[in-house]
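Undergrad: Once you've had a glance at the structure underneath, I'll fire off some questions.
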Amino acid sequence: MEKIHLILGDAPLQIYSSALVFASENSMIRQTFMSKVATATSKVLEGHSSWVTVATFSPDGQLVASASNDNTVRLWEVATGACRGVLEGHHSWVITVTFSPDSQLLASASYDETVRLWEVATGVCRSMINRLGGYIWSIDFSPDGQLLHTDRGDCALDGTKDVPSLSSSQAQPSYCIVQERWILRNHERFLWIPPKFRTQATAACQDMVCLGLQSGRIILIKIL
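Structure follows, in structure tokens:
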């Protein structure tokens, strides 16, 4: 009880706002105070038949992509909350998704050990990458949108795996990805991650790595 009092004392307004925003549709609290909920927080995107594994905004801010244990990816319009399309094809739950820098393509990685590349405008699967040797927990487009960085190597957008490394003789910016227990720099193991810092909530951008921990802490690492 003392801990609850401390929380209420530290953030009373946030507690009341959370009660309104996250209350169920048929609850007395929501029905009584619905008019007090800001319209920007009142959209509920419904359609998945199982739990949602991840959701991400497109770089242009127009869409949200959500992945689910129902083996599908859904695209939602931010302005209206309408479902733009359902991307079907994976044979197991979808682990993660990411948009291309121009918001025109979406990549999805699944527990079926494949990565699929989708055209956002049409919902057509442009290519599928398999033979990856395991599950893909982290995917991201290169800044120029020409490659997919995964925790099991790089892939070209046509589905070709093992593309030439960016650490070749040509001068290229370094980039990092998180692969299980390691941070890789240009495909090579660079930094070992201690057990208490290992997580599936990771992000990388060139020479920066972000780790989201169960403790609630977020760690930013810059590889020099």
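FYI, the numbering for the sequence shown is 434 to 657, going by the numbering used here. For glycine and all other residues, C-beta sits at the position ideal for the given N, C-alpha and C.
(1) Buried or exposed for Ala512, please, with buried defined as at least 16 other CB atoms from any protein chain shown within 10 angstroms of its CB.
(2) Quick check: what's the CA-CA separation for Trp615 versus Phe466?
(3) Just to confirm, are Val611 and Asp584 a CB contact at a threshold of 8 Å?
(4) Please return the same chain residues whose Cβ sits closer than 6 Å to the Cβ of Ile626, not counting the five positions on each side in sequence.
(5) Does DSSP put Ser601 in a helix, a strand or coil?
(6) Taking Cβ to Cβ, would you say Val527 is nearer than 8 Å to Leu539?
(7) Between the Cα of Pro534 and those of Ser491, Ala636 and Gly645, spot the shortest distance and give me the residue it belongs to.
(8) Thr489 and Ser501: beta carbons closer than 8 Å?
(9) Quick check: is any heavy atom of the ligand ZN less than 7 Å from the C-beta of Ile462?
(10) Looking at C-alpha atoms only, which residue of Asp503, Asp640 and Leu520 is the closest neighbour of Ile654?
(11) Report the option in Arg631, Pro628, Lys629 and Cys609 whose CA atom is closest to the CA atom of Arg622.
(12) Name, in chain order, the residues that DSSP records as bridge partners for Arg622.
(13) Starting from the C-beta of Gln537, find all residues in its chain whose C-beta is less than 6 Å away, skip the five residues before and the five after it, and write them out in chain order.
(14) In chain order, what are the residue ranges of uninterrupted beta strand (DSSP E) at least 3 long that sit wholly in the segment 484-519?
(15) Looking only at its own chain, which residues have a Cβ that is under 6 Å from the Cβ of Trp551, when we skip the five neighbours before and after it?
(16) Could you name the residues that DSSP lists as bridge partners for Ser543?
(17) What are the boundary residues of the beta strand (DSSP E) that Leu478 is part of?
(18) Between Ile656 and Val642, how many whole angstroms is the CB-CB distance? I'm expecting something under 8 Å.
(19) Kindly list the residues whose CB is nearer than 6 Å to the CB of His523, restricted to its own chain and excluding five residues on each side of it in sequence; keep chain order.
(20) Can you name, in chain order, every residue of its own chain whose Cβ lies under 7 Å from the Cβ of Gly494, other than the five neighbours on each side?
(21) Excluding the 5 residues preceding and the 5 following Trp484 in the sequence, name in chain order all residues of the same chain whose CB lies nearer than 6 Å to its CB.
(22) For Ala554, which beta-bridge partners are listed by DSSP?
TA: Well, looking at it:
(1) Here residue 512 refers to the residue found at position 79 when the sequence shown is read from its first residue. Ala512 is exposed by the Cβ-count criterion.
(2) By one-based count along the sequence shown, residue 615 stands at place 182. By one-based count along the sequence shown, residue 466 stands at place 33. Cα to Cα, the separation comes out at about 48 Å.
(3) Within the sequence shown, numbered from 1, the residue matching residue 611 stands at position 178. Within the sequence shown, numbered from 1, the residue matching residue 584 stands at position 151. Yes.
(4) Translated into positions along the sequence shown, residue 626 becomes position 193. Only Arg614 meet the Cβ criterion.
(5) Numbered from 1 along the sequence shown, position 168 holds the residue referred to as residue 601. Since pLDDT at Ser601 reaches only 36, below the 50 mark, its modelled position is unreliable, and the value read off the structure follows with that caveat. The answer is coil: DSSP assigns Ser601 none of H, G, I, E or B.
(6) Your numbering for residue 527 matches position 94 in the sequence shown. Your numbering for residue 539 matches position 106 in the sequence shown. No, the pair does not count as a contact, with Cβ atoms beyond the cut-off.
(7) Here residue 534 corresponds to residue number 101 of the sequence shown, with the count starting at 1. Closest option to Pro534, Cα to Cα, is Ser491.
(8) Within the sequence shown, residue 489 is the residue found at index 56, counting from 1. Within the sequence shown, residue 501 is the residue found at index 68, counting from 1. Going by C-beta atoms, Thr489 is not nearer than 8 Å to Ser501.
(9) No copy of the ligand ZN appears in this structure; indeed no ligand is present at all.
(10) Your numbering for residue 654 matches position 221 in the sequence shown. The candidate whose alpha carbon is nearest that of Ile654 is Asp640.
(11) Here residue 622 is taken as the residue at index 189 of the sequence shown, counted from 1. Residue Cys609 is the option with its Cα nearest to Arg622.
(12) By 1-based counting over the sequence shown, the position of residue 622 is 189. DSSP, once it has assigned bridges, lists Leu617 as partnering Arg622.
(13) Here residue 537 refers to the residue found at position 104 of the sequence shown. So the list reads Val553, once near-sequence residues are dropped.
(14) 485-490, 496-501 and 506-510
(15) For the purposes of this step, residue 551 is taken as residue 118 along the sequence shown, with counting starting at 1. Excluding sequence neighbours, Trp551 sits near Leu520, Leu539 and Cys558.
(16) Position 110 of the sequence shown, counted from the start, is the residue given in the question as residue 543. Looking at the DSSP assignment, Ser543 forms a beta bridge with Val527.
(17) For this step, residue 478 is matched to residue 45 along the sequence shown. Looking at the DSSP string, Leu478 is not in any beta strand (DSSP E), and its letter there is neither H nor E.
(18) For the purposes of this step, residue 656 is taken as residue 223 along the sequence shown, with counting starting at 1. For the purposes of this step, residue 642 is taken as residue 209 along the sequence shown, with counting starting at 1. Indeed they touch by this definition, with Cβ atoms about 7 Å apart.
(19) Numbered from 1 along the sequence shown, position 90 holds the residue referred to as residue 523. The residues are Asn504, Ser543 and Asp545.
(20) Counting from one through the sequence shown, the residue named residue 494 turns up at place 61. Closer than 7 Å at Cβ, skipping near neighbours: Val511.
(21) Within the sequence shown, residue 484 is the residue found at index 51, counting from 1. Cβ within range, chain order: Asn502.
(22) One-based indexing of the sequence shown puts residue 554 at position 121. Partner(s): none; Ala554 has no beta bridge.
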